[in-house]
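J.: Numbering (the working numbering), first residue to last: 1 to 422. Take this structure, written in structure tokens, and hold onto it; I'll ask about it next.
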Ligand code: AMP
Ligand code: GLY
């Protein structure tokens, strides 16, 4: 089989790494890929949003399955276009990907189908939004409706902060048209977790629950990032809780999408708050999480190609998906200054030594310059290890992390702290 993976981050490196293990796979292409991925696949530099060029590539190279990593190509209708060309592709259609692409759509769907989530209101007018905030008081959460690269959410602890967020998103249009509509919602307290699931539009098979670490600094301090590390399984999601999330959230969401004529196939990601009243949805994503994928896929025992094919053909079943009884930890190594401005092109040392420690080093923002690997993004690497327990996986991962060096490098030293402190 020939497989094409779309994307260039740590998530896509993990996808390629896992797909490559399938005995059915003869060749993997990645567009555009990265230097880590290039050790496993042929990387081709091409615009990820040019559906026609991508489909032509897949036709010409006899690609049997395309796997879409990031949200932008999904929102751009890559899956619809590939279907029209008779190509097999893992991921939701444009209409189904709206579950991530429009927060107001997602909230409306949850309301209509009684899927537990924070109470909310949608606004097109900043004055009305401000009036609502004054009435509700703080803490309160303000979200740009559209895709804003994970930055369109402001958790406001004061009314002033919330009003400022409305100004930034709606009046100053900091996120462009993604902010012409906003969702204002109730602040939820509890512990967060991510539960991703495979689905063929009908059957839902959950993965191992993971926990992301969104803040840049230890102790969950500082600004939000794309994710500074993750671990799985997350003990906050007990077996009973997982069952509850599937029955109250994931299965109803997939059923609702089908009922709405937006058949959802691919990976459905539920970002959750485990509150005193039970699990509630913070957001849905129409794709694998990053860095959650880097800890979930190393625990997957089954063949990912078989599962993905079953998702695309409507033949998924629970017994196709089995998990190792182990734990995985991923520590993200970021460039100095991230999530603000950061330097690029700093040489990275110790990649081989980290591997010798038994870790996987997933590349995210790297570039190859002659024989050297240099930094080329905010999140540079995701160092991942598996072991029998979370504590052992933490130790193993940090041993590998300590081998790696680059100018300005920053990483959190407390990944999995919630599990360790239990
Ligand atoms: P999102 O981009 O929707 O994942 O939101 C980013 C982060 O904001 C989440 O990981 C939560 O930590 C926080 N957040 C979003 N919505 C809420 C909410 N309703 N209550 C509390 N925290 C929230
Ligand atoms: N780790 C959060 C996300 O992928 O959206």
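Idealized CB from N, CA, C, for every residue including glycine. Just so you know, these numbers come straight off a predicted model, no measurement behind them.
#1: Pick helix, strand or coil for residue 288, following the three-state DSSP scheme.
#2: Would you kindly check if the distance between the Cβ of residue 413 and the Cβ of residue 338 is under 8 Å?
#3: Cβ of residue 161 versus every heavy atom of ligand 3: is any distance shorter than 7 Å?
#4: Excluding the five sequence neighbours on either side, which residues of its own chain have a C-beta within less than 6 Å of the C-beta of residue 123, listed in chain order?
#5: Less than 7 Å between the CB of residue 394 and some heavy atom of ligand 1, yes or no?
#6: Rounded to whole angstroms, what is the Cα-Cα separation between residue 299 and residue 137?
#7: I need the straight-line Cα distance from residue 312 to residue 381, nearest angstrom please.
#8: Which residue marks the beginning of the alpha helix (DSSP H) containing residue 302, and which one marks its end?
#9: Which full runs of the alpha helix (DSSP H) of 4+ residues lie inside the segment 164 to 243, going along the chain?
#10: Have a look at the DSSP bridge pairing and note the partners of residue 283.
#11: Ignoring anything shorter than 4 residues or poking outside the segment 357 to 411, list the alpha helix (DSSP H) runs there in chain order.
#12: Look up residue 464 in the DSSP assignment and say whether it is helix, strand or coil.
#13: Let me check you understand the geometry: is the CB of residue 64 closer than 7 Å to at least one non-hydrogen atom of ligand 2?
#14: Would you mind stating whether residue 345 and residue 366 have Cβ atoms separated by less than 8 Å?
#15: Between the Cα of residue 46 and those of 37, 55, 32, spot the shortest distance and give me the residue it belongs to.
#16: How far does the alpha helix (DSSP H) with residue 109 in it reach, from first residue to last?
#17: Under 8 Å between the Cβ atoms of residue 14 and residue 294?
#18: Which residues mark the beginning and the end of the alpha helix (DSSP H) in which residue 27 is found?
#19: Could you name each continuous beta strand (DSSP E) segment of 3 residues or more that falls completely within the segment 317 to 345, going from the start of the chain to the end?
#20: Give the range of the alpha helix (DSSP H) segment to which residue 415 is assigned.
#21: Suppose the cutoff is 6 Å on Cβ atoms and the five residues either side in sequence are ignored; what does the same chain contact list for residue 70 look like?
#22: Taking residue 141 as part of the alpha helix (DSSP H), name the residues at either end of that continuous run.
#23: Does the beta-carbon of residue 266, which I'm using as the reference point, lie nearer than 7 Å to any heavy atom of ligand 2?
#24: Would residue 273 and residue 188 qualify as a contact pair, given that the criterion is a beta-carbon distance under 8 Å?
#25: Between which two residues does the alpha helix (DSSP H) carrying residue 55 extend?
T.: Working from what's here:
#1: coil
#2: no
#3: Annotation note on ligand 3: not contained in the displayed structure, which lists ligand 1 and ligand 2 as its ligands.
#4: 129, 182
#5: no
#6: 43 Å
#7: 30 Å
#8: That residue, residue 302, is in no alpha helix (DSSP H); it is neither H nor E in DSSP.
#9: none
#10: 271
#11: 390 to 401
#12: Limits of the chain in this structure are 1 at one end and 422 at the other, which puts residue 464 out of reach.
#13: no
#14: no
#15: 32
#16: 103 to 112
#17: yes
#18: Not the alpha helix (DSSP H): residue 27 falls in the beta strand (DSSP E), residues 27 to 32.
#19: 327 to 334
#20: No alpha helix (DSSP H) holds residue 415; DSSP gives it neither H nor E.
#21: 7
#22: Counting along the chain, residue 141 falls outside any alpha helix (DSSP H), though it belongs to the beta strand (DSSP E) covering 140 to 144.
#23: no
#24: yes
#25: 51 to 60
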